[in-house]
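Novice: Sharing a structure with you now.
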């Protein structure tokens, strides 16, 4: 699938990219967001980093539902979004930054707490 001239659901510039589909909480319109992910036992881990901006990305506020859809490796899946709690956060942050050290740069650019989200498919 193409999204903004980029192939989604496979590696792009050495990174795994999935497409998160949500419904806008205000607009009620379908929203599609490409996100870097790490595979975890329950499904996929993503970060609401927004490139280290001080604003939390809109997609994060649109996931307060029981299910979202994701496109990974050319396959659509239903997923349940779960925000990683503080007790698990450092462990998952390390997992994420082991794959993508750039997230440490994002974290250093902002004073806000960057939420991590598990997209549970199992």
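Numbering (my numbering), first residue to last: 789 to 910. No residue lacks a Cβ here, since even glycine has one placed at the ideal position from N, Cα and C.
#1: Considering residue 894, what are the terminal residues of the alpha helix (DSSP H) in which it resides?
#2: Leaving aside the five residues before and after residue 853 along the sequence, list all residues of the same chain whose C-beta is less than 8 Å from its C-beta, in chain order.
#3: Give the range of the alpha helix (DSSP H) segment to which residue 886 is assigned.
#4: Decide if the region 891 to 899 is in contact with the region 855 to 867; the criterion is three or more beta carbon pairs, one per stretch, under 8 Å apart.
#5: Is the Cβ-Cβ distance between residue 847 and residue 821 less than 8 Å?
#6: At the level of alpha carbons, what is the spacing between residue 917 and residue 858?
#7: Return the Cβ separation of residue 831 and residue 907 in integer angstroms, given the expectation that the two are a contact with Cβ distance under 8 Å.
#8: Following the continuous beta strand (DSSP E) through residue 866, name the residue where it begins and the one where it ends.
#9: Going straight from the alpha carbon of residue 881 to that of residue 827, what length do you get?
#10: What number of angstroms, rounded off, separates the C-alpha of residue 804 from the C-alpha of residue 885?
#11: Please go through the same chain and pick out, in chain order, the residues whose beta-carbon is closer than 8 Å to the beta-carbon of residue 842, but skip the five residues on each side of it.
Specialist: The answer reads as follows:
#1: Residue range 890 to 897 is occupied by the alpha helix (DSSP H) that includes residue 894.
#2: 810, 811 and 869
#3: 874 to 887
#4: no
#5: yes
#6: Because residue 917 is not part of the residues shown, which for the chain are 789 to 910, the question remains open.
#7: 5 Å
#8: 863 to 871
#9: 13 Å
#10: Going by the C-alpha atoms only, they are around 13 Å apart.
#11: 898, 899 and 900
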